[in-house]
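Here the protein sequences come in this chain order: V and Z.
Residue numbering for the first sequence follows this note's numbering, starting at 554 and increasing by one per position.
Residue numbering for the second sequence follows this note's numbering, starting at 857 and increasing by one per position.
Step one of this worksheet: look at the structure below.
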Amino acid sequence: MNPAKKVLGLITLFTLIILVITPYLGLSDHLTPAIQQKILMDIRLPRLLLAFIVGAGLAVCGLVFQAMFHNPLATPFTLGVASGASLGAALSVFLGVGFDFLGLSSTTLFAFIGALVTIRFVYGISSMRTGFSLHTLLLTGIAISFFFSSLILLIQYLNDLPDAYRLIRWLMGSLSIVGYDAIWQLLPFIVVAVAVIFYLSHELNLLTTGDDIALSRGVNVRKTRFLLFVTTSLCIGAIVSLCGPIGFVGMMVPHICRLLIGQNHRWLIPASCLFGGSFLIICDTIGRLLIAPAEIPVGVITTLLGGPFFLWLLIRTRTPIS
Amino acid sequence: MSFLAVSDLSVSIGEKALLSSVSVEVAKGDYLCILGQNGAGKSTFLKALMGIISSDTGDITLEQQPFRQLSQKQLARSVSYVGQNHPILDMTVSDFIRFGRYAHHNAFATWSTTDQAAFDAAVTLTDIAVFLGRHCASLSGGEYQRVQIAAALCQQAPMLLLDEPTSSLDPHHQVDVHDLIQQLNQTHQITIIEVTHDINHAVQHSQHILALKSGQVLWYGASSDLLTSAALPQVYDQAFVTVAHPETGQLIALTSEGQQ
């Protein structure tokens, strides 16, 4: 059997186990079965499903960024795209705009625009002809993140206290929802993003070899990149506007999947989806159990794991492919 | 009819003109070498033909089809390209060569017997079967060059563009790659356009030579005529003396001691 197929099978099995076990963790034995049932169905299950689709979306978007920028450190989070989306979302809340456009809430739409503008900007910098390097790209991302963070702080400062608190809480990244509304809101974005990205998996394979080789093999690089920019922006925008910026999932998950399954995106995309989903469920469960009955926001957990991982990758990536 | 016709091709980046009004025709099965100083526009010319750089003005027709009407995929079925600098790729040689079939696939295609035949042919021609399973990063310069050519051949395009395919190789591997190109051209009728700095290689092996200078055509003609042409010293702003090769009697060019 194809080794990649075998690994994907194992990841699927792992995901199923996580999906079945985690809802029962931390469920008090003193409650009546009826209440236990209600907690499971109305609180645990929607949260589990949300964590799964958010994790899958973040992991796949991270995978796309790594392929497009030929760099394991390039993700929507490290390049400032998540900050752009956050700023967009914060701005829409601050300005009090409340409208729906083509079924998108104004917050999602603002987050999407924030993400798209940032991607375009970072890409513009990265494709400038002279003196571009991995370090320039990452520093650009950091500069953008700082800049947008201060703008968000400014918005926070100008807001009244309860709104400011909500904003802080949201910026930590959180999956605490009740009911299924958020899932139905988010699911179309994730499904479309994953479908488009999977459809472009051959192109993603070729993009990792660099633009010249991709073009000479017949990839319409400009069109592919445009499609991927829009798709990932929509996906990140939708996630960020709902759950806040949840960092480093898009870096850790695809990288671990590459180590497990190799470089072929045909396998990497489903693997990243499944592993990203189960990874975020695990992080959320840790956040839920660690100081129970209080909760640590999931974004804090992923960032605590992601920081050291980022450093490890930075030290390990000695010869970046440019 | 010519296989490739380039007329009045101009390419610029910002204010800087890289190619201006270059016209040339290449027949099917031709072997054209492009000579010229660094920065003369040789690589730009190849990249324009591969659609990597877009031209400002001018027309390119490929097998009577206007270039602008071809999708990148259609183009890649007619033209393949081996660039000058090869990024070190994080994949096996076999995986990399398989990418050559992209232009023949739609999004849901599976690996067919036709694909396997093209893959096997490319591997056999370039004689790289022994390191198919190896990682690209573990190859030497000469090995990697053959792998790059194999990956382009896997595309099975009737025209192959090569940008200084031997410039980083030792003399033994240079001869190897030259022989391979010769074989592709003569036995397999692949039309070759090669950028090179090696005048003697161009004169001995190619059928035609195009000399570029500052983005313009300096000289174009049958390869054997270059060494007796008055344009020779202008190609590199360097005087040459020609002598007969002691073994073959063919004329070869040596750089002259006295500067022009």
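Each residue gets a CB set at the ideal place from its N, CA and C atoms; glycine is no exception.
In this text the structure is predicted, and so the values were computed from the model without any measurement.
For PRO922(Z), the three-state DSSP class (helix, strand or coil) = The answer is strand: DSSP assigns PRO922(Z) an E or B state.
Along the chain, which unbroken stretches of the beta strand (DSSP E) at least 3 residues long are found entirely within the region 911–961 of chain Z?
-> Entirely contained in the region 911–961 of chain Z, the beta strand (DSSP E) runs reaching 3 residues are, in chain order, 913–918 and 935–938.
Which of helix, strand or coil does DSSP assign to MET621(V)?
-> Three-state result, MET621(V): helix.
From ILE869(Z) to ALA883(Z), what distance separates their C-alpha atoms?
-> Taking the Cα positions, ILE869(Z) is about 29 angstroms away from ALA883(Z).
Among all the DSSP beta bridges, which residues are the ones paired with VAL867(Z)?
-> In the DSSP assignment, VAL867(Z) is bridged to LEU875(Z).
Chain V beta carbons: is any one of them nearer than 9 angstroms to that of LEU874(Z)?
-> LEU874(Z) does not count as touching chain V.
The region 607–620 of chain V touching the region 737–744 of chain V, judged by at least three CB pairs closer than 8 angstroms | The region 607–620 of chain V is in contact with the region 737–744 of chain V.
Under the three-state DSSP convention, the category ALA1109(Z) falls into | Residue state for ALA1109(Z) is assigned as strand, using DSSP reduced to three classes.
Evaluate the contact criterion for the region 578–596 of chain V versus the region 556–566 of chain V: three or more CB pairs, one atom per stretch, below 8 angstroms.
-> The way I'd put it, the region 578–596 of chain V doesn't touch the region 556–566 of chain V; fewer than three beta-carbon pairs between them come closer than 8 angstroms.
Under 7 angstroms Cβ-Cβ, which residues of chain Z neighbour LEU759(V)?
-> Within 7 angstroms Cβ-Cβ: PHE955 and TYR958.
Within 9 angstroms (strictly less), CB to CB, does ILE854(V) reach chain Z?
-> No, its Cβ sits nowhere closer than 9 angstroms to a Cβ of chain Z.
Select from SER877(Z), HIS942(Z), HIS1064(Z) and THR1104(Z) the residue whose C-alpha is nearest the C-alpha of GLU999(Z).
-> Answer by Cα proximity: HIS942(Z).
Closer than 7 angstroms by beta-carbon distance: list the chain Z residues that pair up with VAL793(V), in chain order.
-> Going along chain Z, no residue has its Cβ under 7 angstroms from VAL793(V), so there is no contact; the nearest lies around 29 angstroms.
Buried or exposed (CB count within 10 angstroms, at least 16 for buried), PHE665(V) = Buried, by the Cβ-count rule.
Run through DSSP, which three-state label would ILE1046(Z) get?
-> In the three-state reduction of the DSSP assignment, ILE1046(Z) falls in the coil class.
Just tell me which of PRO846(V), ILE835(V), GLY694(V) and TRP865(V) has its CA closest to the CA of ILE854(V).
-> Shortest Cα-Cα distance from ILE854(V) to any of PRO846(V), ILE835(V), GLY694(V) and TRP865(V) involves ILE835(V).
Positions along the region 761–774 of chain V whose CB lies within less than 9 angstroms of some CB in chain Z = Those residues of the region 761–774 of chain V that come within reach of chain Z (Cβ to Cβ, closer than 9 angstroms) are THR761, THR762, GLY763, ASP764, ASP765, ILE766, ALA767, LEU768, SER769, ARG770, GLY771, VAL772, ASN773 and VAL774.
When the distance is taken between beta carbons, is HIS818(V) closer than 9 angstroms to ALA620(V)?
-> HIS818(V) sits close to ALA620(V), with the two beta carbons spaced by under 9 angstroms.
Chain Z within 9 angstroms of LEU821(V), Cβ atoms only = Not an interface residue.
Contact with chain Z by GLN590(V), beta-carbon distance below 9 angstroms = No, no contact with chain Z.
Would you give the residue range spanned by the beta strand (DSSP E) that LYS884(Z) belongs to?
-> DSSP places LYS884(Z) outside any beta strand (DSSP E), giving it a letter other than H or E.
In terms of DSSP beta bridges, what is GLN1072(Z) paired with?
-> Per DSSP, the beta bridge partners of GLN1072(Z) are LYS1069(Z).
Going by CA-CA distance only, name the one from THR785(V), LYS591(V) and ILE574(V) that's closest to GLY637(V).
-> If we check each option's Cα against that of GLY637(V), THR785(V) comes out closest.
Around the C-beta of ASP1093(Z), are 16 or more other C-beta atoms found within 10 angstroms, so that it is buried, or is it exposed?
-> With fewer than 16 other Cβ atoms inside 10 Å of its own Cβ, ASP1093(Z) counts as exposed.
Min CB distance GLY815(V) to chain Z below 9 angstroms | Put simply, the CB of GLY815(V) is near chain Z, with a gap under 9 angstroms to one of its CB atoms.
From the beta carbon of VAL949(Z), is the nearest beta carbon of chain V less than 9 angstroms away?
-> Taking a beta-carbon distance threshold of 9 angstroms, VAL949(Z) does not count as an interface residue toward chain V.
Outcome for THR1104(Z) when other beta-carbon atoms lying within 10 angstroms are tallied against a minimum of 16 = With fewer than 16 other Cβ atoms inside 10 Å of its own Cβ, THR1104(Z) counts as exposed.
Delimiting residues of the alpha helix (DSSP H) encompassing PHE828(V) = First-last of the alpha helix (DSSP H) with PHE828(V): 818–842.
Could you check the C-alpha separation between MET725(V) and LEU690(V) for me, to the nearest Å?
-> One Cα belongs to MET725(V), the other to LEU690(V), and the distance between them is close to 25 angstroms.
Interface flag, VAL935(Z) vs chain V, CB-CB below 9 angstroms | At least one chain V Cβ lies under 9 angstroms of VAL935(Z).
Beta-carbon proximity list for CYS810(V), same chain, < 7 angstroms, skipping 5 on both sides | Closer than 7 angstroms at the Cβ level, and outside the excluded window around CYS810(V), lie LEU821, ALA824, SER825 and PHE828.
Interface partners of HIS845(Z) on chain V, CB under 8 angstroms | Residue 845(Z) lies beyond the stretch modelled for chain Z, which goes from 857 to 1116, so this question has no answer here.
Using DSSP with H/G/I as helix, E/B as strand and the rest coil, what is GLY684(V)?
-> The predicted model places GLY684(V) with a pLDDT of 48, which falls under 50 and marks its position as unreliable; any figure quoted below should be read in that light. Here GLY684(V) sits in coil by DSSP.
Backbone secondary structure at GLN1116(Z) - three-state DSSP | Unreliable positioning characterises GLN1116(Z) in this predicted model, as indicated by a pLDDT of 45, which lies under 50. The coordinate reading is nonetheless provided below. Here DSSP, grouped into helix, strand and coil, assigns GLN1116(Z) to coil.
What separation, rounded to the nearest whole angstrom, lies between the Cα atoms of SER659(V) and ALA791(V)?
-> Their Cα atoms are separated by approximately 11 angstroms.
Going by CA-CA distance only, name the one from GLU848(V), GLY800(V) and GLY840(V) that's closest to THR861(V).
-> Here the sequence assigns Pro to residue 861(V), which means Thr is not the residue at that position. When each option's Cα is compared against that of PRO861(V), the closest is GLY800(V).
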